[in-house]
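To keep things clear, I will list the structure first and then write my remarks on it.
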Amino acid sequence: MQNNIISGLFVGQNLVTLKEVDSTNNFLKSILSNSKPVPDGTVIMAESQYAGRGQHQNTWHAQPGKNLTFSLLLKPHFISPTQQFDLTRAVSLGVYDALQPLLGDDLKIKWPNDIYFGNRKLGGMLIENMIQGGQIKNAIVGIGLNINQDNYPESAGSAISVKQILQRDYDLKDILSEICSHIEGWYLKLKAGKTDLVRSTYLSRLYRLNEASEYRSNWETFTGTIKNVVDNGLLVVERNGTEEQYNLKEIEFLNK
Ligand code: BTN
1 MQNNIISGLF
11 VGQNLVTLKE
21 VDSTNNFLKS
31 ILSNSKPVPD
41 GTVIMAESQY
51 AGRGQHQNTW
61 HAQPGKNLTF
71 SLLLKPHFIS
81 PTQQFDLTRA
91 VSLGVYDALQ
101 PLLGDDLKIK
111 WPNDIYFGNR
121 KLGGMLIENM
131 IQGGQIKNAI
141 VGIGLNINQD
151 NYPESAGSAI
161 SVKQILQRDY
171 DLKDILSEIC
181 SHIEGWYLKL
191 KAGKTDLVRS
201 TYLSRLYRLN
211 EASEYRSNWE
221 TFTGTIKNVV
231 DNGLLVVERN
241 GTEEQYNLKE
251 IEFLNK
């Protein structure tokens, strides 16, 4: 599949389902380093990951067979590395749009790319961009979503599943296919230069946008209000009347 496709489904057309793997991101990375080319839009899905990886070097736990754990390969040569957060926006919007018809407006994107229902985490992403020659050569988009799991240990923090919200099971492949087609839609908007639309829609779906809430930065707790996400992805929070910008490592969201 070439990168010049502008219509027709290519995301997820090439789907590989694995019974068990360490991490679908690792698997995709390892097949990319083999000689055979891997088509743009390839999806590797696993029933079970024994070393799933999350943000901040965390481990991603998901009960086997009950959740979506997959990685998608994109070749966003048209996005410059300085604008790579636009890919995060497009993918987050794709996941959001696939789930919103089921879950309604309590669904939000928690900056930078978690999927929240109310104050609870429904899923997250680990996007690993491989930059070469001033271009994003490959983007490995790892997505974990809590779908049919019945309960979570205390250690899982605020985790919640679609089943806990809607009291029924969902077909994982059906949800995966919705997600792939919505990601493709937003990805192609980016490719068509509709960056402003991607950025403004992402902002409008943001968890805690314009709401005064508690945060921690530099071991200090403060009340702040999310105002924006700048082009390169930094979070803009109003704090004591001034707007400060934070990267992922610099700010922690505290519970309300
Ligand atoms: C987060 O910490 O919120 C990100 C979680 C990302 C988990 C997914 S599951 C599929 C893919 N493979 C991994 O090892 N991680 C991502």
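Just so we're aligned, residue 1 is where the sequence shown starts under UniProt numbering, counting upward by one. By construction, the Cβ of each residue, glycine as well, lies at the ideal position given by its N, Cα and C atoms. Computed from a prediction, not measured in an experiment: that's the story for all the values here.
Pull up the DSSP beta-bridge partners for I127, would you.
I127 is bridged to V141.
Take every Cβ of the segment 156-167, pair it with every Cβ of the segment 115-126, and state whether three or more of those distances are shorter than 8 angstroms.
yes
Taking C-beta to C-beta, are I44 and L28 nearer than 8 angstroms?
yes
Ignore the nearest five residues each way along the sequence and tell me which others in V21's own chain have a CB closer than 7 angstroms to its CB.
Answer for V21: F27, A46, Q49, listed in chain order.
Quick check on the DSSP output: what are the complete beta strand (DSSP E) runs of length 3 or more inside the segment 21-77, in order along the chain?
43-49, 68-74
Taking any heavy atom of the ligand BTN as the mark, which residues have a C-beta closer than 6 angstroms to it, listed down the chain?
S23, T24, N25, Q49, G52, R53, G54, Q55, N58, W60, T69, F70, S71, D114, G124, M125, L126, G142, I143, G144
A98 - partner residues in DSSP beta bridges:
For A98, which the question treats as bridged, DSSP gives no partner whatsoever.
The alpha helix (DSSP H) enclosing E178, as first and last residue numbers
172-191
Is it buried or exposed for S30, if we count other Cβ within 10 angstroms and need 16 for buried?
exposed
Going along the chain, which residues of its own chain have a beta-carbon closer than 8 angstroms to the beta-carbon of N14, five neighbours each way excluded?
M1, P39, G41, T42, V43
Which class does D105 belong to by DSSP, given the choice of helix, strand or coil?
helix
Assuming I109 and R199 form a contact by the criterion Cβ under 8 angstroms, report the distance between their Cβ atoms to the nearest whole angstrom.
Not a contact, Cβ separation roughly 12 angstroms.
Could you pull the DSSP bridge partners for L18 from this structure?
A46
Check this for me: beta carbons of D105 and L190, under 8 angstroms apart or not?
no
Grab the span of the beta strand (DSSP E) containing L166 for me, first residue to last.
It is not in any beta strand (DSSP E) - L166 instead sits in the alpha helix (DSSP H) that spans 162-166.
Under 8 angstroms between C-beta atoms of N138 and L32:
Closer than 8 angstroms, so yes.
Own chain partners of I5 with C-beta closer than 6 angstroms, once the 5 adjacent residues on each side are dropped:
Summary for I5: the model assigns pLDDT 42, below 50, so the residue's position carries little reliability; its value from the coordinates is reported in the next sentence. Excluding residues within five positions, none has a Cβ falling inside 6 angstroms.
Which of the three DSSP states, helix, strand or coil, is assigned to E250?
coil
Can you tell which of I165, I143, G142 has its C-alpha closest to the C-alpha of Q149?
I165
Look at N247 and V236 and say whether their C-beta atoms are less than 8 angstroms apart.
no
Does I251 get closer than 8 angstroms to chain D when you measure Cβ to Cβ?
Going by chain labels, chain D is absent from the structure shown, which holds only one protein chain.
Same chain only: Cβ atoms within 6 angstroms of M130, ignoring 5 sequence neighbours per side
K137, N138
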